[in-house]
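S.K.: One structure is given below, represented as structure tokens, and several questions about it will come after.
In UniProt numbering, the protein residues as written are 1 to 497.
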């Protein structure tokens with residue numbers, strides 16, 4: 001389609017080989033109205049095919065910045081404006097017009113700074129500026145008698161009004177640039193502090209314990225640095241151009257702590273989503289093999305008795321562990337190996353992963369099983385997760401409810417007791433021991449879930465299906481163990497007192 005410039009007297013057309021550009025009228029109502037006023041065709045309204053050629057802009061093209069002089073067309077002449085049709089001397093005329101516009105803008109700025117400061121010196125030393133001032137005043141006050149006058153009026157009038165209104169109050173008093181500079185310095189400092197607070201760099205976390213706690217769940221930077229020191233030797237093979245070792249650890253902890261999705265973390269760290277996925281899985285594997293054996297372990301009987309809380313010292317002096325089960329929902333049905341899911345394994349509305357957790361009387365997690373699917377019985381879970389292998393003859397396993405594992409525990413020479421019951425018979429009323437034990441385990445479980453929100457679920461399917469050939473643990477099983485290990489590194493969990 002051949003486009004013709006809509007400006008009266010302009011004969012420019014879009015033809016093969018032309019270097020001109022043709023622009024639609026803006027969609028923004030305010031800017032569009034300013035373009036129509038600049039064209040200055042009485043009663044004319046543009047349509048979808050209306051175009052304005054680039055010769056009506058000072059720089060030769062439109063600019064979308066409202067502060068630019070080319071935000072609105074300002075160059076209008078009755079003579080042809082295309083390079084092929086310009087008469088000799090047309091470039092000189094255009095250069096003079098550009099210079100006049102620039103001089104007019106400079107003059108308006110100087111007028112706003114205060115005529116009293118420039119005073120008579122400006123009129124005597126710069127006669128060319130005084131001449132430009134006369135031209136601007138004449139163009140602003142005259143009626144639209146020609147296309148060239150319309151150009152000056154449409155281009156300069158809005159700027160003149162805004163500039164004069166802006167600097168009218170400043171004309172009576174000199175500007176104190178020191179105050180302006182100090183205000184800018186304060187604003188700059190405030191912006192720097194705001195950016196620093198949002199930064200995820202190592203330096204930004206070093207002296208900010210609250211920030212460390214919010215992003216990682218750890219109490220302070222010292223604990224975070226200790227975890228980094230433990231993991232660093234095992235991260236040598238993890239080559240990542242964009243993420244440092246510290247950033248990889250921080251990204252993983254934020255995934256566990258805040259349960260942020262991969263897209264969110266990719267945006268925060270400036271990497272691809274695939275990089276986030278690989279980093280989380282690799283770091284979880286490293287922490288599972290390095291951090292978990294260090295922080296989640298079965299203590300010796302001597303250590304247990306030495307630090308046994310007074311609440312159990314009289315009633316259960318041989319208590320080795322307090323156990324219970326908890327569940328985590330996940331998004332989609334999954335299966336381990338080729339074993340099909342049974343209908344009873346699916347709870348109403350969603351699926352769950354079930355875990356057995358062992359808590360020492362001192363309040364730390366000493367055992368976490370792998371997750372099993374669906375409505376698996378407590379007995380099946382306890383007998384198949386390796387928990388019984390930890391028991392020694394004479395140990396007492398305490399629980400707040402009957403898990404139906406008394407015979408299995410007895411086969412190991414240990415005793416399974418339910419707090420508040422004597423000889424296996426339920427008491428008429430719930431005793432204080434039952435309440436204390438129930439609160440103890442529940443407090444530890446809720447503390448771990450609260451500290452690492454990813455354990456509240458629902459868990460994404462990639463974490464529940466990705467298993468290593470050498471292990472029967474899914475990635476989420478490792479995440480649960482890592483969360484318990486990190487929880488043990490924090491200041492005392494929940495001692496039973």
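A virtual CB, placed ideally from N, CA and C, is assigned to each residue, including glycine.
No experiment lies behind these values; they were computed from the predicted model shown.
So is residue 364 buried or exposed if we call it buried at 16+ other beta carbons inside 10 Å?
M.R.: Answer is buried; the Cβ neighbour count reaches 16.
S.K.: Just checking my contact of residue 414 with residue 397 at CB under 8 Å: how many whole Å lie between their CB atoms?
M.R.: With 8 Å as the limit, residue 414 and residue 397 qualify as a contact, their Cβ atoms being about 6 Å apart.
S.K.: Among the residues of its own chain, which have a CB less than 6 Å from the CB of residue 53, if the five just before and after it don't count?
M.R.: The answer, listed in chain order, is 5, 12, 20, 22.
S.K.: The beta strand (DSSP E) with residue 2 in it runs from where to where?
M.R.: Careful: residue 2 lies outside any beta strand (DSSP E) and carries neither H nor E.
S.K.: Over what stretch of residues does the beta strand (DSSP E) that includes residue 360 continue unbroken?
M.R.: Looking at the DSSP string, residue 360 is not in any beta strand (DSSP E), and its letter there is neither H nor E.
S.K.: When burial is assigned at 16 or more other CB atoms within 10 Å of the CB, is residue 484 buried or exposed?
M.R.: So residue 484 counts as buried.
S.K.: So, for residue 24: in the same chain, excluding its five sequence neighbours on each side, which residues have a beta-carbon less than 7 Å away from its beta-carbon?
M.R.: Within the same chain, residue 24 has close Cβ partners 51.
S.K.: Nearest by alpha-carbon distance to residue 251: which of 207, 202, 222 is it?
M.R.: The option with the nearest alpha carbon to residue 251 is 202.
S.K.: Measure the alpha-carbon distance for residue 174 versus residue 181 and round it to whole angstroms.
M.R.: Straight-line Cα distance between these residues: approximately 15 Å.
S.K.: So, residue 489 versus residue 226, is the Cβ gap smaller than 9 Å?
M.R.: Their beta carbons are under 9 Å apart, which means residue 489 touches residue 226 by this criterion.
S.K.: Out of 400, 393, 401, 417, point me to the one whose CA is closest to residue 411's CA.
M.R.: Here the closest residue by C-alpha is 393.
S.K.: My assumption, with CB atoms under 8 Å, is that residue 328 sits in contact with residue 352. Please give the rounded CB distance.
M.R.: Their Cβ separation, rounded to whole angstroms, is 7 Å, which keeps residue 328 and residue 352 in contact under 8 Å.
S.K.: Alpha carbon to alpha carbon, how far is residue 9 from residue 57?
M.R.: Each residue's Cα considered, the two are about 16 Å apart.
S.K.: Does the structure place the segment 298 to 309 close enough to the segment 374 to 387 that three or more beta carbon pairs sit under 8 Å?
M.R.: Short answer: they don't touch.
S.K.: Closer than 8 Å is the cut-off here; do at least three beta carbon pairs connect the segment 269 to 277 with the segment 286 to 296?
M.R.: Short answer: they don't touch.
S.K.: What residues match up with residue 353 in a beta bridge as DSSP calls it?
M.R.: 328, 373, per the DSSP bridge assignment.
S.K.: Relative to the alpha-carbon of residue 280, which residue among 249, 272, 296, 295 has its alpha-carbon at the smallest distance?
M.R.: It is 249.
S.K.: With residue 482 as the anchor, note down where its beta strand (DSSP E) starts and where it stops.
M.R.: No beta strand (DSSP E) contains residue 482, which is instead part of the alpha helix (DSSP H) from 475 to 489.
S.K.: Using the Cβ count rule (16 or more neighbours within 10 Å means buried), how would you classify residue 16?
M.R.: With fewer than 16 Cβ atoms within 10 Å of its Cβ, residue 16 is classed as exposed.
S.K.: Pull the bridge partners of residue 224 from the DSSP assignment, please.
M.R.: Its beta-bridge partners do not exist; DSSP assigns none.
S.K.: Alpha carbon to alpha carbon, how far is residue 487 from residue 499? Give it in angstroms, no decimals.
M.R.: What is shown of the chain runs 1 to 497, which leaves residue 499 out entirely.
S.K.: Using the three-state DSSP reduction, which class does residue 52 fall into: helix, strand or coil?
M.R.: Residue 52: strand per DSSP, three-state reduction.
S.K.: Count the other C-beta atoms from every protein chain shown that fall within 10 angstroms of the C-beta of residue 395, then say buried if there are 16 or more, exposed otherwise.
M.R.: Its Cβ being crowded by 16 or more others within 10 Å, residue 395 is buried.
S.K.: For residue 479 and residue 256, what's the separation of their Cα atoms in angstroms?
M.R.: Those two C-alpha atoms are separated by around 8 Å.
S.K.: Under DSSP, the alpha helix (DSSP H) around residue 246 begins and ends at which residues?
M.R.: Residues 245 to 258.
S.K.: Determine the direct distance from the alpha carbon of residue 61 to that of residue 32, and round the result to whole angstroms.
M.R.: Computed Cα separation, rounded: 16 Å.
S.K.: Going by other Cβ atoms of all chains shown within 10 Å of its Cβ, with 16 needed for buried, is residue 370 buried or exposed?
M.R.: Classification of residue 370: buried, given that the 10 Å Cβ count is 16 or more.
S.K.: Which class does residue 58 belong to by DSSP, given the choice of helix, strand or coil?
M.R.: The answer is coil: DSSP assigns residue 58 none of H, G, I, E or B.
S.K.: Between which residues of its own chain and residue 303 is the CB-CB distance below 6 Å, once the five residues before and five after are set aside?
M.R.: No residues qualify anywhere along the chain.
S.K.: Give the range of the beta strand (DSSP E) segment to which residue 7 is assigned.
M.R.: Looking at the DSSP string, residue 7 is not in any beta strand (DSSP E), and its letter there is neither H nor E.
S.K.: Cα-Cα, which of 448, 192, 2 is closest to residue 49?
M.R.: For the residues 448, 192, 2, the minimum Cα distance to residue 49 belongs to 2.
S.K.: Which class does residue 87 belong to by DSSP, given the choice of helix, strand or coil?
M.R.: Reliability of the predicted coordinates at residue 87 is poor, the pLDDT of 42 falling under 50, and no value is obtained from them.
S.K.: Distance check for residue 66 and residue 28, CA to CA, integer angstroms please.
M.R.: Cα-Cα distance, rounded: 12 Å.
S.K.: Using alpha carbons as the reference points, say which of 375, 216, 77, 40 lies closest to residue 258.
M.R.: Nearest of 375, 216, 77, 40 to residue 258, Cα basis: 216.
S.K.: Alpha carbon to alpha carbon, what distance is there between residue 267 and residue 313?
M.R.: Those two C-alpha atoms are separated by around 52 Å.
S.K.: With C-beta atoms as the reference, is residue 212 less than 9 Å away from residue 243?
M.R.: Not in contact: residue 212 and residue 243 (Cβ atoms no closer than 9 Å).
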